[in-house]
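Numbering-wise (the working numbering), the sequence shown opens with residue -1 and increments by one. Note that beta-carbon positions come from the ideal geometry of N, C-alpha and C, so glycine has one too. The structure under discussion appears below in the form of structure tokens.
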Amino acid sequence: MDAMVRELSYAQAIQEAMAIAMDMDERVFLMGEDIGVYGGAFQVTGDLVERYGADRVIDTPISELGGAGVAVGAALTGMRPIFEFQFSDFATLAMEQIVNQAAKMRFMLGGEVSVPVVMRFPAGSGTGAAAQHSQSLEAWLGHVPGLKVIQPATPYDAKGMLLAAVADPDPVMIFEHKVLYKMKGPVPEGYYTVPIGKADIRREGRDLTIVATSIMVQK
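Shown next, in the form of structure tokens:
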């Protein structure tokens, strides 16, 4: 394999993307429950608190609404927060900030402000986490004007799409299927982006179009 491309897991690719974003822009910081010393519910943030300190990898109280509100407010001041929900199910507790604030601010203020917040949602079933921790709510948020909703399917996508999301001036919701976290694949070193809103043709044909996202691309 090319020296510039390594095999990384989906989770490692996300962590590398966050580290690159934080190295490139001091406005980027992380927020979420247990993302500091514990390293996140799925160990995605890992040791980033040791590398960047508690001022940039911030453990939040168990209040998704409050944490999301702080992230949205920080984005309005020009910061670039990445807010992690422990499980996508808990987005329901923060709908006020996601739907009524983050999604609408640019339009309600005549385009004078932007809300460059990234929210990460571990989603989906298959890990034995039961009904309240296994939902896939991307379709809900996909119906909200003002939000960009993405679902990376590979480690390559996970890194590139997160870096694209951090650079985006609008709120981006990233749904990460939990079963994919351990999946490995080729990931280039350094900075690159995967365009948001542009499909990747995985297999060409003439008779049928199948559209899939996230783990279903692997199926």
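Around the beta carbon of Gly34, a 10 Å sphere encloses 16 or more other beta carbons of the protein chains shown; the residue is thus reported as buried.
Excluding sequence positions up to five before and after Ala92, its CB lies within less than 6 Å of the CB of Glu62, Leu63, Ala66, all in the same chain and listed in chain order. Cα atoms of Ser134 and Ala89: separation of roughly 11 Å, rounded to the nearest angstrom. In this structure Thr207 is exposed. Its beta-carbon is surrounded by fewer than 16 other beta-carbon atoms within 10 angstroms.
Look at Glu202 here: in three-state DSSP terms it is coil, with no helix or strand label. Within the stretch 105 to 179, the runs of alpha helix (DSSP H) at least 4 residues long that lie entirely inside it are, in chain order, 136 to 140, 153 to 165. Close CB contacts of Gly122 within its chain, under the 7 Å cut and outside five residues either way in sequence, are with Ser132, Ser134, His175, Lys176, Val177, Ile213 (chain order). For Met2, the three-state secondary structure derived from DSSP is coil.
Of Met171, Ala163, Ala11, the smallest CA-CA separation from His141 is found for Met171.
When Val42, Gly124, Asp57 are compared, the shortest CA-CA separation from Glu14 is found for Val42. Under a 10 Å Cβ-count criterion, Phe105 is classified as exposed, with fewer than 16 other Cβ atoms of the shown protein chains found around its own Cβ.
Asp21: member of the alpha helix (DSSP H) spanning 8 to 22, first to last residue. Taking C-alpha positions only, Met103 is separated from Pro167 by approximately 12 Å.
Put simply, the backbone Cα of Ala19 is about 19 Å away from that of Val3. Boundaries of the alpha helix (DSSP H) harbouring Gly64: 62 to 74, taken from the DSSP string. Here DSSP, grouped into helix, strand and coil, assigns Phe27 to strand. For Arg78, the uninterrupted beta strand (DSSP E) run begins and ends at 78 to 82, by DSSP. Approximately 5 Å separates the beta-carbon atoms of Pro114 and Arg78; this is inside 8 Å, confirming the contact.
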